[in-house]
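Colleague: Residue numbers (my numbering): 4 to 129.
Built from N, CA and C at the ideal position, the CB exists for glycine as well.
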């Protein structure tokens with residue numbers, strides 16, 4: 004239940020903040036939304052490499068869920084980590100789940116708790 008609430012809240016946050024970007028990022032996010040993952044990857048990868056948090060999160064999701072790319076938890080964790088380091092709550096929560104489950108990183112409850120603790124998620128949901 005707790006994870007379901009967090010994932011729903013984080014998905015809503017991503018949708019609300021993603022639209023604020025323009026240009027190629029907007030095109031990459033639109034391609035992702037219409038499930039054109041090869042185009043999304045083409046447009047978002049350079050942006051993610053240059054520090055775009057929404058692009059980093061979408062790439063992480065693509066690698067975690069095998070959307071247009073081979074599933075690769077280590078790359079998913081890498082992209083979530085880059086966005087999480089920039090203070091993006093969604094990435095912090097999802098990276099926390101990866102540490103909790105040992106997906107792409109060594110399972111580490113302390114690291115999971117640390118990343119979850121950096122979010123602005125109410126303590127009653129943690």
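Considering only residues of the same chain and omitting the five flanking positions on each side of residue 63, which have a CB-CB separation below 6 Å?
Modeller: Non-local C-beta neighbours of residue 63 in its own chain, meaning closer than 6 Å and more than five positions away in sequence, comprise 79, 82 and 83, ordered along the chain.
Colleague: Give the DSSP-derived three-state secondary structure of residue 69 in the structure shown.
Modeller: Residue 69: coil per DSSP, three-state reduction.
Colleague: Where does residue 122 land, buried or exposed, given buried means 16+ other C-beta within 10 angstroms?
Modeller: Residue 122 is buried by the Cβ-count criterion.
Colleague: Tell me which residues share the same chain as residue 30 and place their Cβ nearer than 7 Å to its Cβ, disregarding the 5 neighbours each side in the sequence.
Modeller: 46
Colleague: Taking the alpha-carbon of residue 91 as reference, which of 42, 41, 115 and 55 has the nearest alpha-carbon?
Modeller: 55
Colleague: Under 7 Å between the Cβ atoms of residue 99 and residue 115?
Modeller: It is a contact, given that the beta carbons lie within the stated cut-off.
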